[in-house]
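I have placed the structure first, in the form of structure tokens, so that the comments after it can refer back to it.
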Amino acid sequence: PTPRLPANCHGTWKVIQHPKVASWKYRPPYPLVVGQDYSTRGFDVYVDAAGGWAELRQKKPQKHCDNGSCSRWHWVCRVLVLHHYDDPITRIRMTMDLAQSSRAWIEGELRARYPNAYFHENLPWEMTVWHGSAMRVSGWLLKKYMADDPGWHEGLIKVDTRGTPLNPPQHIAVPYKVGVYLHDTEMAR
């Protein structure tokens, strides 16, 4: 007898792989505020991001031979990729703000120790650190950021893609945090 077709072996569907930030890091390990950073080093942020993709897949029954002559056979359910589309990165943005705990520390404890302490940086901000079209972007995208205020500088690394015929442009956001230090005090707040 003819083998029975496998159940649920029909239909098409989309598979969407979202873009991702594989890693991020910063250098140097203990950046100083600009007034104490005599090397004017600042800090850099490295980003390694990958674009996404989209596929249209289909389940389809296919005859599979159990022996060389195919006198014995059975159905198997194969998954076929009908269309594959890359979804490249078109832009990477970063936001930055001073953490609320750092703002409270500057306005409280630091101002008590140094009465003229106040906020110097114009935060929050957002800027494009890369644009183009690529499936992978790796590099030091924010270079020599000169922080005027001590504290945790934090924000989002935002990745935008172009989109495909199967999906609209995608947007992801990954948080980051960089500690900026005063030379004469511990700042981990």
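Numbering (this note's numbering), first residue to last: -8 to 180. Beta carbons: idealized from backbone N, C-alpha and C, even for Gly.
What would DSSP say about residue i, mapped onto helix, strand or coil?
i	result
Ala(-2)	coil
Glu112	coil
Gln161	coil
Met178	At Met178, the pLDDT of 48 sits below 50, so the modelled position is not reliable and the matter cannot be decided from this model.
Gln27	coil
Gly59	coil
Leu101	helix
Arg94	helix
Do you know offhand how far residue i's Cα is from residue j's?
i	j	result
His74	Tyr172	51 Å
Arg32	Gln8	38 Å
Ile97	Leu133	25 Å
Pro79	Ala41	8 Å
Tyr136	Cys68	55 Å
Lys51	Pro156	23 Å
Ala13	Asp39	6 Å
Pro166	Thr86	9 Å
For residue i, collect the residues of the same chain with a Cβ closer than 6 Å to its Cβ; drop the 5 residues on either side in sequence, then sort them by chain order.
i	result
Gly154	Pro160
His122	Arg82
Assuming residue i and residue j are in contact, meaning their beta carbons sit under 8 Å apart, how far apart are those beta carbons, in whole angstroms?
i	j	result
Asp117	Arg84	Residue 117 is actually Glu in this sequence, not Asp. The Cβ separation is near 6 Å, so the contact holds.
Leu89	Gly43	Rounded, the Cβ-Cβ distance is 32 Å, inconsistent with contact.
Tyr37	Trp4	Going by Cβ atoms, the distance from Tyr37 to Trp4 rounds to 37 Å, so no, they are not a contact pair.
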